[in-house]
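Before any comments, here is the structure.
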Amino acid sequence: MWTTWLLILISIVLGAGAWLLFVWAVRSDQYDDVEGAKHRMLDDE
Amino acid sequence: MATCEHCLLPLDANTAIREEVGGREAFFCCPGCRSIYALLHAQGLAEFYRRRTGWVPGPPELFAADPDALSDCVVEREGEHEATLAISGIRCASCVWVIERYLGRKPGVSLVRVNHATGRAKIRFRPGSAGIAEIASWIRELGYAPHPCETGELEESLRREKRDLLLRFGTAAFLSMQVMTFTTALYAGYFQGIEPKFLAWFQWLSFALTTPVIFYSGYPFLRNTLAGIRNRAPGMDTLVFLGSFSAYAYSAAMLVVGGEVYFDTAGMIITLILLGRYLEAAARSRAKESIGRLVRLAPREARRRMGSGFGGHAPRTETVPVSSLRANDIIEIVPGEKIPADGIVIEGASEADESTLTGEAGPVAKGEGSAVCTGTVNGSGRLVVRVTQTGKETVLSRIVRAVEEAQARKAPVQRHADRVVGWFVPAVIAVAALTLGARLQWGDPPLRAILVAISVLVVACPCALGLATPLAVFIGSNAARAQGILVRGGDVLEAGASVTEVFLDKTGTLTYGRPCLAHVDGFGLAPREVLRLAASLEAPSEHPIAKAIGRGVAPGELLDVSAFKAHAGLGVEGIVGGRRLFLGHAKFLSLNGVPVTGAQEERFREISEARRTAVFLADEKQVLGLLSSVDELRGEAEESVRLLKKEGYRVRMVTGDSGPVASRIGKEAGIDLVQSRVTPVEKAEIIGKARNAGGRVMMIGDGVNDAPALTEARVGMAMGRGTDIALESADAVLMTNDLRLIPRFLSISRKTMRVIRQNLAWAFSYNLVAIPLAVSGNLHPILSAALMAASSLMVVGNSMRLRKA
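Protein sequences, first through last, are from chains A and B. Just add 37 to the spot in the first sequence (first one is 1) and you have our numbering. Just add 816 to the spot in the second sequence (first one is 1) and you have our numbering.
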């Protein structure tokens, strides 16, 4: 039985982690210029 | 012809700079280009020249912004300073690369990001080791110009809105996915049995995870619902909130009473509708950015004379921002420059291209005492102008104000979905109330009656409804974009579907907006030879007619010209193949003692009557030929008009140009309804009249004079090469200036609208099934979820068909 609780806990922690990462990405302008990244990738050799 | 090593502009043999670089010769057009070239090589950034593709030849930017204005762009962030600047002169992706590389290795600079789409740069630096003035000078060293970034309030609020929407959507998506996990367990439990302990836990966890979705992600819907109730105008948001909140409240009640919960429905409604909103906002802001790139930075600088310049001293000039010009200032305007203020010519002779302001295709002669207008383009001569009006009083500003007034008057297009929802919401509330009343009447216990009534509200909100419009619009505008049509918003496609009348501007829209060679007469000389001599003679000239003649001859055929001299407003002279040649009006020839015969005069008059611009070519003894040029109809204009007429649209032309030219172009294009000699304000009035007569009007134009009409029309469409103000006031832009895109746009609009209608019908058919079940009290959560998923998938699949529109 305790494995069910553990899995629930893990899923919530993972979900919260992904959400925090997303909030950080939005706040640090990661979504502002989605076009430039592909050019820049080719530039950095 | 040799070109400058840096900027790729053709070289002028007299002023070119020659230099030995790495054992080979390199030529530069100016010291600026040479120093940039040297700088890039010294810095190991010469790769710039190898990697650049799509570079449009053009000189380095020289504009120096006011340092105070630039320091206003600096904000403090995380202990460092961050400057957001608009950079002009960016021509290709390689420019972004070179700016990021060069600035990035300067001491004190920690981050450089240049957005190629918007030309915006974000530069972060440590205030101790670098300053904004230094950063500006580094950018200028590379041949680009930093400007203070005018983040308009509108633009900033749009950006904030988009980011806010993304956060709310993302949060809702993460939480709803978690809720889905538990809901799946609950479904399994429904069929196989589940321990009551787990049932309670999963339901309570779902409750905890759904609460932020309703109150944080769903907050905009809550706010608009309250506003909608206050204004007694229930809209889409009212329906969304009603549906999701009643599902949430019903489920919360079930937690206590015991029963099935609908938390997943509550969360998914909000998530999917936020996704739709975000897609729509993203499409709109992308179109806005692309249009922003077309809007060139307006002339913000002027050459003002310092002091009087009398008393034998050559007058010195200083470069000042246009905003600091005052009436009675004396300014100089060099050939090809945009005129920065309204004024009176006090010295010099030239001609101005006023077509964007008046619609008149030909150049207008300017001499002492003529008035010049802001935003028109100077021709081949240098002018000295006394400023009469600046800023808000110029002719240009008056038109801008007319546009703003029209914009304020313009009622937003009522979206199809809103129209449907307008009657749907009251109907749903009525059904819910009737259910409650009827069940109480027939002796149901009050709690049971209330729960059934709420379940009607829950299923009434189809989440496919939230996706129906935005998804179709998103895919439709991407299809339009792929073909070169930028669409500013979803309502534009909806409005485009209802258009019945198409109004076209003439100069620059139906025609190329520049003179093209029309006819060559030879007098005792083959026309081919006349053209070759004229093109050789005109090669150094910047005059629009000279360029038209030049396009008629292959570059290899040109002869060398020496002793070239341009007499502004009259003509040019020079020595070609050892012969002294003149090209210009009859008056210019007689000034140089060349006789013009009666027959030649007659031919000249004939051409002028057809409103073509003609020039004579002569040597020192006699007239050799006559060349005429005209603003030609675009190659695809006639075909486009025919297509539009075939589709059943009424096509009309409105122009500021005179009657004979207008009717000739109208006839060539196949347009019978032509209105000429129309002022900018009258153009807008004509559109307004057509609208009041019941027509749904689309206007296509490019000039300043079209801007009020573009705003007045239901759909305003600007040519990609149009003036800034036309681009700004248009709802859609033809990137490639191809008129055949007008019928394409209208067809994409109609297809999009058809898909929207089908989507809405699908979304509502879900309700047709679900509402009766809810009223009878037999709706099960699993059935409700399955129906919802099916109708959403149907909407997504149907919208995808637009990709091939």
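Glycine is no exception: its CB is placed at the ideal position from the N, C-alpha and C atoms.
### Task
On the DSSP bridge assignment, give the partners of Thr767(B) in chain order.
Residue 767(B) lies beyond the range of chain B shown here (817 to 1621); nothing can be said about it.
### Message
Contact defined as beta carbons within less than 8 Å: I believe Leu855(B) pairs with Glu957(B). What is the distance between those atoms, to the nearest angstrom?
### Response
6 Å between Cβ atoms; contact.
### Task
List the whole-angstrom C-beta distance separating Ala1280(B) from Ser1608(B), where the pair is believed to meet the contact cut-off of C-beta under 8 Å.
Contact between Ala1280(B) and Ser1608(B) holds: CB atoms are separated by about 5 Å, below the 8 Å threshold.
#### Entry: Ile47(A): contacting residues in chain B (beta-carbon distance under 8 Å)
Within 8 Å of the CB of Ile47(A), no CB atom of chain B is found; the nearest one sits about 11 Å away.
### Query
Could you give the distance in angstroms between the alpha-carbon of Thr987(B) and the alpha-carbon of Val1029(B)?
Cα to Cα, the separation comes out at about 7 Å.
### Query
What are the boundary residues of the beta strand (DSSP E) that Lys1483(B) is part of?
Taken as a continuous stretch (DSSP letters only), Lys1483(B) belongs to no beta strand (DSSP E), being part of the alpha helix (DSSP H) at Gly1475 to Ala1485.
#### Entry: Three-state secondary structure (DSSP) of Ser1406(B)
DSSP, reduced to helix, strand and coil, places Ser1406(B) within a helical segment of the structure shown.
### Message
Helix, strand or coil for Ala1168(B)? Go by DSSP, reduced to three states.
### Response
In the structure shown, Ala1168(B) sits in a strand (DSSP, three-state: E or B).
#### Entry: Proximity below 8 Å, CB of Gly1517(B) to CB of Leu1526(B)
Contact flag set, yes.
### Query
What's the gap between the Cα of Ala74(A) and the Cα of Glu916(B)?
Going from the Cα of Ala74(A) to the Cα of Glu916(B) covers about 13 Å.
### Query
Closest by CA to Met1515(B), which one among Leu983(B), Ala1529(B), Ile1502(B) and Ala1506(B)?
Considering only alpha carbons, the answer is Ala1529(B).
### Message
Just to check my reading of the structure: Gly1368(B) and Leu1386(B) have Cβ atoms closer than 8 Å, yes? What is that Cβ distance to the nearest angstrom?
### Response
Contact doesn't hold; Cβ gap of about 22 Å is too wide.
#### Entry: Same chain, Cβ closer than 7 Å to Leu1113(B), neighbours up to 5 away in sequence not counted
Residue confidence is low: Leu1113(B) scores 47 on pLDDT, short of 50, so the model does not pin down where it sits. No coordinate-derived value is stated.
### Query
Between the Cα of Pro1242(B) and the Cα atoms of Pro1050(B), Glu1354(B) and Pro1588(B), which residue gives the shortest distance?
Ranking Pro1050(B), Glu1354(B) and Pro1588(B) by Cα distance to Pro1242(B) puts Pro1050(B) first.
### Message
Under 8 Å, Cβ to Cβ, is there at least one residue of chain A near Leu1618(B)?
### Response
For Leu1618(B), the nearest beta carbon of chain A is not closer than 8 Å to its own beta carbon.
### Message
Assuming the contact rule is C-beta atoms closer than 8 Å, Val1138(B) and Glu1153(B) should be a hit. Round their C-beta distance to whole Å, please.
### Response
Taking 8 Å as the upper bound for CB-CB distance, Val1138(B) and Glu1153(B) are not in contact here, some 12 Å apart.
### Task
Could you check what DSSP says for Lys1154(B) in three-state terms: helix, strand or coil?
DSSP places Lys1154(B) in strand when its eight states are reduced to three.
#### Entry: Ala55(A) at chain B interface by Cβ criterion, 8 Å
Yes, because at least one Cβ of chain B sits closer than 8 Å to the Cβ of Ala55(A).
### Query
Can you give the beta carbon distance from Asp1053(B) to Gly1059(B), rounded, assuming they're within the 8 Å contact cut?
A Cβ-Cβ distance of about 11 Å is found for the pair Asp1053(B) and Gly1059(B), leaving them out of contact under the 8 Å criterion.
### Message
What does the alpha-carbon distance come out to for the pair Val1077(B) and Gln994(B)?
### Response
Computed Cα separation, rounded: 15 Å.
### Nearest-angstrom Cβ-Cβ length linking Tyr1472(B) and Val1490(B), presumed shorter than 8 Å
Checking the sequence, you will find Gly at residue 1472(B) rather than Tyr. Incorrect: roughly 12 Å between the Cβ atoms, too far for contact.
### Query
Closer than 8 Å, Cβ to any Cβ of chain A: which residues of the stretch 1532-1553 of chain B, in chain order?
Cβ contacts with chain A come from no residue of the stretch 1532-1553 of chain B.
### Query
Can the beta-carbon of Leu1173(B) be found closer than 8 Å to that of Gly1191(B)?
Yes. Within cutoff.
### Task
May I have the straight-line CA-CA distance separating Gly1482(B) from Glu1105(B), to the nearest angstrom?
Roughly 35 Å separates the two Cα atoms.
### Message
Threshold first: 4 residues or longer. Then list the alpha helix (DSSP H) segments lying entirely within the stretch 997-1053 of chain B, N to C.
### Response
Listed in chain order, the complete alpha helix (DSSP H) runs (minimum 4 residues) inside the stretch 997-1053 of chain B are 1012-1028 and 1035-1046.
### Message
For chain A, check one thing: does any of its Cβ atoms lie closer than 8 Å to the Cβ of Arg907(B)?
### Response
In terms of beta-carbon proximity, Arg907(B) stays away from the interface with chain A, with every pair separated by 8 Å or more.
### Query
Which whole-angstrom value describes the C-beta separation of Arg1480(B) and Ala1334(B), a residue pair presumed to lie in contact below a C-beta threshold of 8 Å?
Rounded to whole angstroms, the Cβ separation of Arg1480(B) and Ala1334(B) is 12 Å, and the two are not in contact under 8 Å.
### Glu1373(B) versus Ala1311(B), Leu1353(B) and Ser1186(B), residue with shortest Cα-Cα distance
With distances taken between CA atoms, Glu1373(B) lies nearest to Leu1353(B) out of Ala1311(B), Leu1353(B) and Ser1186(B).
### Message
Determine whether the beta carbon atoms of Gly1312(B) and Val1531(B) lie at a separation below 8 Å.
### Response
Cβ distance < 8 Å, so Gly1312(B) and Val1531(B) count as in contact.
### Query
Is the CB-CB distance between Val1470(B) and Leu1460(B) below 8 Å?
Not closer than 8 Å, so no.
### Contact set between Val50(A) and chain B, taken where Cβ atoms lie within less than 9 Å
Within chain B, no residue comes near Val50(A); the closest Cβ sits about 11 Å away, beyond 9 Å.
### Query
What whole-angstrom Cβ distance do Ala1586(B) and Leu1595(B) have, given they're in contact under 8 Å?
Sure, about 6 Å apart at Cβ, within 8 Å.
### Message
Starting from Phe844(B), trace the beta strand (DSSP E) in both directions and tell me its first and last residue.
### Response
Arg840 to Phe844 is the span of the beta strand (DSSP E), which, as asked, contains Phe844(B).
### Message
When you compare the CB positions of Val925(B) and Ala899(B), do they come within less than 8 Å of one another, or not?
### Response
Taking 8 Å as the Cβ cut-off, Val925(B) and Ala899(B) do not qualify as a contacting pair.
### Query
Taking C-beta to C-beta, are Val1219(B) and Ile1423(B) nearer than 8 Å?
It is not a contact, given that the beta carbons lie outside the stated cut-off.
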